[in-house]
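Q: Protein chains in written order, with our numbering: chain A, 157 to 375; chain B, 157 to 375; chain C, 157 to 375. Below is a structure I'd like to ask you about.
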Amino acid sequence: MQQFSQELQAFEFWVAMAGTVAFAVTAVLAVVPRGIDLFGACVMGLITAIGGGTIRDLVLGVPVFWSSDLSYIWVALGASVFAYYAQALVTSKHVYAIMLYLDGLAVAMFAIQAAYKVIGLDFGVPLAPILLGVVTAIGGGLMRDVLAGNQTLLMKKELYAVPVTLGTVIYVAALPFFPGSEIAVSIVCALLIFGIRAAAIHWKLSVPDWAIARPKQDD
Amino acid sequence: MQQFSQELQAFEFWVAMAGTVAFAVTAVLAVVPRGIDLFGACVMGLITAIGGGTIRDLVLGVPVFWSSDLSYIWVALGASVFAYYAQALVTSKHVYAIMLYLDGLAVAMFAIQAAYKVIGLDFGVPLAPILLGVVTAIGGGLMRDVLAGNQTLLMKKELYAVPVTLGTVIYVAALPFFPGSEIAVSIVCALLIFGIRAAAIHWKLSVPDWAIARPKQDD
Amino acid sequence: MQQFSQELQAFEFWVAMAGTVAFAVTAVLAVVPRGIDLFGACVMGLITAIGGGTIRDLVLGVPVFWSSDLSYIWVALGASVFAYYAQALVTSKHVYAIMLYLDGLAVAMFAIQAAYKVIGLDFGVPLAPILLGVVTAIGGGLMRDVLAGNQTLLMKKELYAVPVTLGTVIYVAALPFFPGSEIAVSIVCALLIFGIRAAAIHWKLSVPDWAIARPKQDD
Numbered sequence: 157m158q159q160f161s162q163e164l165q166a167f168e169f170w171v172a173m174a175g176t177v178a179f180a181v182t183a184v185l186a187v188v189p190r191g192i193d194l195f196g197a198c199v200m201g202l203i204t205a206i207g208g209g210t211i212r213d214l215v216l217g218v219p220v221f222w223s224s225d226l227s228y229i230w231v232a233l234g235a236s237v238f239a240y241y242a243q244a245l246v247t248s249k250h251v252y253a254i255m256l257y258l259d260g261l262a263v264a265m266f267a268i269q270a271a272y273k274v275i276g277l278d279f280g281v282p283l284a285p286i287l288l289g290v291v292t293a294i295g296g297g298l299m300r301d302v303l304a305g306n307q308t309l310l311m312k313k314e315l316y317a318v319p320v321t322l323g324t325v326i327y328v329a330a331l332p333f334f335p336g337s338e339i340a341v342s343i344v345c346a347l348l349i350f351g352i353r354a355a356a357i358h359w360k361l362s363v364p365d366w367a368i369a370r371p372k373q374d375d
Numbered sequence: 157m158q159q160f161s162q163e164l165q166a167f168e169f170w171v172a173m174a175g176t177v178a179f180a181v182t183a184v185l186a187v188v189p190r191g192i193d194l195f196g197a198c199v200m201g202l203i204t205a206i207g208g209g210t211i212r213d214l215v216l217g218v219p220v221f222w223s224s225d226l227s228y229i230w231v232a233l234g235a236s237v238f239a240y241y242a243q244a245l246v247t248s249k250h251v252y253a254i255m256l257y258l259d260g261l262a263v264a265m266f267a268i269q270a271a272y273k274v275i276g277l278d279f280g281v282p283l284a285p286i287l288l289g290v291v292t293a294i295g296g297g298l299m300r301d302v303l304a305g306n307q308t309l310l311m312k313k314e315l316y317a318v319p320v321t322l323g324t325v326i327y328v329a330a331l332p333f334f335p336g337s338e339i340a341v342s343i344v345c346a347l348l349i350f351g352i353r354a355a356a357i358h359w360k361l362s363v364p365d366w367a368i369a370r371p372k373q374d375d
Numbered sequence: 157m158q159q160f161s162q163e164l165q166a167f168e169f170w171v172a173m174a175g176t177v178a179f180a181v182t183a184v185l186a187v188v189p190r191g192i193d194l195f196g197a198c199v200m201g202l203i204t205a206i207g208g209g210t211i212r213d214l215v216l217g218v219p220v221f222w223s224s225d226l227s228y229i230w231v232a233l234g235a236s237v238f239a240y241y242a243q244a245l246v247t248s249k250h251v252y253a254i255m256l257y258l259d260g261l262a263v264a265m266f267a268i269q270a271a272y273k274v275i276g277l278d279f280g281v282p283l284a285p286i287l288l289g290v291v292t293a294i295g296g297g298l299m300r301d302v303l304a305g306n307q308t309l310l311m312k313k314e315l316y317a318v319p320v321t322l323g324t325v326i327y328v329a330a331l332p333f334f335p336g337s338e339i340a341v342s343i344v345c346a347l348l349i350f351g352i353r354a355a356a357i358h359w360k361l362s363v364p365d366w367a368i369a370r371p372k373q374d375d
C-alpha cells in the first residue's frame, strides 16, 4: 500500500494536534460542571485525547502511539489546563462552536487514520479496521464518561458514533477498489464523517425516535 | 498436554458460537429498556461477547482471539441486530429461557477454555488460569454494565460469577491429577458450572443473605 | 542506571506486600456497605491491588508483574477474605487508621517504583514515567469505584492523586541530577508523597475550594 506523502503526513500531524486540543477542551468542559479540580480535569482531558488510540494499539499489539511522540500528551495537558482556567473564553458561543466542529473533525480523522493503520497491519480485515477505527474515535470519550459518572454517549440519542461507523465502513469497503488512491479515499471518507457530524451539530440532529428501541425509562 | 481432538474442537467451536449468540442477545435485552439505538445495541452485544476474552489475551500478551477468526464478531453483530429487531420473539418466555441457559453454558465453557489456554501457556499457574478464566467469562458483561450505567453483577446477589469461579478452581486443581484426561475433566467441570448456574436460573437461587456483608444501603 | 541493592529489593518487596494488604483491605471496606458478597469483595480487593500495575505493564508491553510472582495475588486475596470476615476488627479506629496510612505508603511507593521501571525501559521519558506512575498508584482504585458504581476519586476533593502526581513529577525531574543516587532520590520522593498524604489523612485536608472549578452540582 502506497505511503501517504510527506506533505499529507505534516497535514495529518497538525489535524491530529488540533483534534487533540478539541478532545481535551470538550472533555474538560464536560466534567467541569461536576466540580472537578485541576488534576481531575487534566486526567479527563488526557484520557479523552489518547484513550481510544491507546486501546487500539494494545489490541493491535504495537507500541502505544504516544510513547514515541509525546506531543500528544503535552498538547492534551496544555489544552486541559487552558480550558480549565479559561472557561469563560472556551464556553463563549463562538469558541465552543469551533471546538465542537474541531472535535467532529478529529473524530473523523482519527477513525480513518486508525482504520488505515489496522489495514496496513493486515489485522482482522475487514471487521477489525472498522471496530478499531470506531474505538479510536470514541473510546477515550467513553472512558471519560465512565470515570466521571456521566451517561456514556452509547446511551444518548446524539448523532456521534453512528456517522463515524458509517464512514469507516464505507472506507474499508471502498479502499480495495481504488488502489493507489488511498489518500483521496481517506480524505473523502473523513469529510463524509465530518459532514454528517457537522450537520448534526448545526441542525441539532439526533437519532430519530423510530430507531430507538423504547422510550428512555430513566428513574 | 494432549491436544483436544479435532471432533472436540469442532464441538467447541459450535458451542462458542452458540455462546456468542447468547452473550450478544442477553446483552441487547439488558440495555434495550434504557432506550438504546441500534448502534449502541450492537456495541453492547459485541463488547459482551468478546470483551472478556480480549482482556485475557491482552494480559497473556498473545494476539486477541478474534483477530484470526472474525466469526466471533460477525456472529455477535448478527445476533445483536437480530435481538434488537426481534425483541418480541427473544423476550418470549421460551426463547428467553433458552438464551439464559445458553448464556450459562457459554459462561461455563469460556471459563474452562480460558483456564486451559492459560495453563497451556504456563502463565501464572495456578492462580492466573483461575483469574483469567473468570475474567473471560464475566469481563464482557462487566464492561457492558459499566458502559450502560447498570449495576454490575459484582454488586448483585445473583448466582452468576460464583459457580464460574468454583468450577474453574476445581478444574485447575484437578487437572494435574488426570494426565491424559484433560478433555474429560474439562467437560465435567464445564458441566458442573453449567449445572449450578442452570439450577440458579431454574429455582431463582441467589447468594444467601448470611453470606452478604450487610443489607444493601442504596440511596 | 545503578541497580537497587539486594537489601533494598527485600525492603521493597515487604513494603509492596504491606501496600497490597492495605489496598485490598481499604477496597473491601469501601464496597462492603453496598451489600457485596465474599466473591465480589475478593474481586474488588484484587482489582484495587493489582489493577493499576496491570494497566502499566500492558501499556509498556511487558509481562504483567504478577504473572511471575503470584504473591501479589495470594496476599490480595487473603487480605480481602480477612477484611470481609473481620470487619469489626479492621473498622476499629486504630486498625483502620493504620490501613489508611499503609495505603498512603503503598500509593507513594508504587508510583515511584513504577516511574523508576518506566525510566529504566526508556519509555516516553519524561511524561510516560509520570503518567504510568500515577496510573499504577490510582488505576486499581478507579477500576474498583467504576465496578462498584461509586464516585471515582477524580470527582472528589480528597487530597489523594495530587500528592502522588506532584511527588512523581519531582522524582522524574530530579533523577537525572543525582546519578548514582537513585535509591536516595526514590526514598525521598516516596516519603514526600507519603508525608503530604499522611498530613491530608491526619488533618483531613482536601483540595481547597478556590481550586475547584465550580461548586458540585450533584442531583
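Ideal Cβ placement from N, Cα and C applies to all residues, glycine included.
Could you check where the alpha helix (DSSP H) with A/M299 kicks off and where it finishes?
A: The residue labelled residue 299 of chain A in the question sits at position 143 within the first sequence. Residues L283 to A304.
Q: Just to confirm, are A/V184 and A/A267 a CB contact at a threshold of 8 angstroms?
A: Taking the first sequence and counting its residues from 1, one reaches residue 184 of chain A at position 28. Taking the first sequence and counting its residues from 1, one reaches residue 267 of chain A at position 111. Going by C-beta atoms, A/V184 is not nearer than 8 angstroms to A/A267.
Q: Check whether chain C comes within 8 angstroms of A/F195, counting only Cβ atoms and requiring the distance to be less than that.
A: For the purposes of this step, residue 195 of chain A is taken as residue 39 along the first sequence, with counting starting at 1. Closer than 8 angstroms to some Cβ of chain C, the Cβ of A/F195 qualifies, so yes.
Q: With a threshold of 8 angstroms on Cβ separation, who are the neighbours of C/K249 within its own chain once the five nearest residues in sequence on each side are excluded?
A: Counted from its first residue, the third sequence places residue 249 of chain C at position 93. Once the five neighbours on either side are set aside, C/K249 has no close Cβ partner at all.
Q: In the segment 335–368 of chain C, which residues sit with their C-beta less than 8 angstroms from some C-beta in chain B, listed in chain order?
A: Listed by position along the chain: nothing, the set is empty.
Q: In whole angstroms, give me the CA-to-CA distance for B/Y252 and B/G260.
A: By one-based count along the second sequence, residue 252 of chain B stands at place 96. By one-based count along the second sequence, residue 260 of chain B stands at place 104. Approximately 12 angstroms, taken between the alpha carbons.
Q: Within its chain, find whatever has a CB closer than 6 angstroms to the CB of A/L288; leave out the 5 residues flanking it on each side and keep chain order.
A: By 1-based counting over the first sequence, the position of residue 288 of chain A is 132. Counting only Cβ-Cβ distances below 6 angstroms, and skipping sequence neighbours, we find R212, A270 and V274.
Q: Since A/T308 is in the alpha helix (DSSP H), which residue starts that stretch and which ends it?
A: Translated into the one-based positions of the first sequence, residue 308 of chain A becomes position 152. Taken as a continuous stretch (DSSP letters only), A/T308 belongs to no alpha helix (DSSP H), as it is neither H nor E.
Q: Between which two residues does the alpha helix (DSSP H) harbouring C/E314 extend?
A: Position 158 of the third sequence, counted from the start, is the residue given in the question as residue 314 of chain C. Neither: C/E314 is in no alpha helix (DSSP H) and is coded neither H nor E.
Q: With C-beta atoms as the reference, is A/Y316 less than 8 angstroms away from A/L309?
A: By one-based count along the first sequence, residue 316 of chain A stands at place 160. By one-based count along the first sequence, residue 309 of chain A stands at place 153. Result yes, Cβ atoms of A/Y316 and A/L309 sit closer than 8 angstroms.
Q: For C/P364 versus C/V328, is the C-beta distance shorter than 8 angstroms?
A: Taking the first residue of the third sequence as 1, we reach residue 364 of chain C at position 208. Taking the first residue of the third sequence as 1, we reach residue 328 of chain C at position 172. Cβ distance not < 8 angstroms, so C/P364 and C/V328 don't count as in contact.
Q: Indicate whether at least one CB of chain C lies closer than 8 angstroms to the CB of B/F279.
A: For the purposes of this step, residue 279 of chain B is taken as the residue at position 123 of the second sequence. So, interface residue.
Q: Hey, A/T176 and A/A235: beta-carbon distance below 8 angstroms or not?
A: In the first sequence, residue 176 of chain A corresponds to position 20, counting from 1. In the first sequence, residue 235 of chain A corresponds to position 79, counting from 1. Contact flag set, yes.
Q: Return the Cβ separation of B/G217 and C/L226 in integer angstroms, given the expectation that the two are a contact with Cβ distance under 8 angstroms.
A: If you number the second sequence from 1, residue 217 of chain B lands on position 61. If you number the third sequence from 1, residue 226 of chain C lands on position 70. In fact, because the Cβ distance is near 17 angstroms, the residues do not count as touching under 8 angstroms.
Q: Is B/G305 close to chain A, meaning its C-beta is less than 8 angstroms from at least one C-beta of that chain?
A: Here residue 305 of chain B corresponds to residue number 149 of the second sequence, with the count starting at 1. So yes, B/G305 belongs to the interface.
Q: By a C-beta neighbour count over all protein chains shown, 10 Å radius and 16 as the cutoff for buried, is A/E163 buried or exposed?
A: If you number the first sequence from 1, residue 163 of chain A lands on position 7. Exposed is the call here.
Q: Is B/T210 closer than 8 angstroms to B/V220 when the C-beta atoms are compared?
A: As a first step, residue 220 of chain B is located in the second sequence; it is residue number 64 there, counting from the start. As a first step, residue 210 of chain B is located in the second sequence; it is residue number 54 there, counting from the start. Yes; because the gap between Cβ atoms is below 8 angstroms, this pair is in contact.
Q: What are the partner residues of B/A193, as DSSP defines its beta bridges?
A: The residue given as residue 193 of chain B occupies position 37 in the second sequence. Position check: residue 193 of chain B holds Asp in this sequence, whereas Ala was assumed. According to DSSP, which records beta bridges pairwise, B/D193 is partnered with A/I368.
Q: Between which two residues does the alpha helix (DSSP H) carrying C/V218 extend?
A: Working through the third sequence from its first residue, we reach residue 218 of chain C at position 62. No alpha helix (DSSP H) contains C/V218, which DSSP labels as neither H nor E.
Q: State the Cα-Cα distance for the pair C/M311 and A/G196, rounded to the nearest angstrom.
A: Your numbering for residue 311 of chain C matches position 155 in the third sequence. Your numbering for residue 196 of chain A matches position 40 in the first sequence. The alpha-carbon atoms of C/M311 and A/G196 are separated by roughly 7 angstroms.
Q: Could you tell me which chain B residues have their CB closer than 9 angstroms to the CB of C/T321, listed as they occur along the chain?
A: Working through the third sequence from its first residue, we reach residue 321 of chain C at position 165. In chain order: nothing, as chain B lies at least about 25 angstroms away.
Q: Would B/K273 pass as an interface residue toward chain C - the criterion being a Cβ-Cβ separation below 8 angstroms?
A: In the second sequence, residue 273 of chain B corresponds to position 117, counting from 1. Cβ-Cβ to chain C under 8 angstroms: no for B/K273.
Q: In its own chain, which residues sit with a C-beta less than 6 angstroms from the C-beta of B/P332, not counting the 5 before and 5 after it?
A: Walking along the second sequence from the start, residue 332 of chain B turns up at place 176. Within the same chain, B/P332 has no close Cβ partners at all.
Q: For C/T227, does the three-state DSSP call read helix, strand or coil?
A: If you number the third sequence from 1, residue 227 of chain C lands on position 71. Strictly speaking, residue 227 of chain C in this sequence is Ser, with Thr absent from that position. Residue state, collapsed to three classes: helix.
Q: Determine the contact status of C/Q201 and C/A244, defining contact as a CB-CB distance below 8 angstroms.
A: Within the third sequence, numbered from 1, the residue matching residue 201 of chain C stands at position 45. Within the third sequence, numbered from 1, the residue matching residue 244 of chain C stands at position 88. Per the sequence presented here, residue 201 of chain C reads as Gly, with Gln not at that position. It is not a contact, given that the beta carbons lie outside the stated cut-off.
Q: What does DSSP give as the partner residue(s) for C/S362 in the beta ladder?
A: Counted from its first residue, the third sequence places residue 362 of chain C at position 206. In the DSSP output, where bridge partners are listed per residue, C/S362 has C/E314.
Q: Take B/S342 as the anchor and find which of B/Y272, B/M173, B/L256 and B/A284 has the nearest alpha-carbon.
A: Taking the second sequence and counting its residues from 1, one reaches residue 342 of chain B at position 186. Nearest option by C-alpha distance: B/Y272.
Q: Could you confirm whether any beta carbon from chain A is found closer than 8 angstroms to the beta carbon of C/M311?
A: Residue 311 of chain C sits at position 155 when you count from the first residue of the third sequence. It does; some Cβ of chain A falls within 8 angstroms.
Q: Output the boundary residues of the alpha helix (DSSP H) element that contains A/N180.
A: In the first sequence, residue 180 of chain A corresponds to position 24, counting from 1. Note that residue 180 of chain A is Ala in the sequence shown, not Asn. Q162 to V187 is the extent of the alpha helix (DSSP H) around A/A180.
Q: Just to confirm, are A/C198 and A/V246 a CB contact at a threshold of 8 angstroms?
A: In the first sequence, the residue the question calls residue 198 of chain A occupies position 42. In the first sequence, the residue the question calls residue 246 of chain A occupies position 90. Going by C-beta atoms, A/C198 is not nearer than 8 angstroms to A/V246.
Q: Could you give the C-beta distance for A/M255 and A/T182, rounded to a whole number, given that I count them as a contact under 8 angstroms?
A: As a working note, residue 255 of chain A is residue 99 in the first sequence. As a working note, residue 182 of chain A is residue 26 in the first sequence. Right, their Cβ atoms sit about 6 angstroms apart.
Q: List the residues of chain C that A/S223 touches, going by C-beta distances under 7 angstroms, in chain order.
A: Here the question's residue 223 of chain A lines up with position 67 in the first sequence. Simply F279, G280 and A284.
Q: Consider the Cβ of C/T308: report whether some Cβ of chain A lies at a distance smaller than 8 angstroms.
A: The sequence position of residue 308 of chain C within the third sequence is 152, counting from 1. Taking Cβ atoms only, chain A reaches closer than 8 angstroms to C/T308, which makes this a yes.
Q: Measuring CB to CB, does C/R190 end up less than 8 angstroms from C/A304?
A: Here residue 190 of chain C refers to the residue found at position 34 of the third sequence. Here residue 304 of chain C refers to the residue found at position 148 of the third sequence. In contact: C/R190 and C/A304 (Cβ atoms closer than 8 angstroms).
Q: For A/R300, collect the residues of the same chain with a Cβ closer than 6 angstroms to its Cβ; drop the 5 residues on either side in sequence, then sort them by chain order.
A: Against the first sequence, residue 300 of chain A aligns to sequence position 144. Excluding sequence neighbours, A/R300 sits near A183, M200, I203 and T204.
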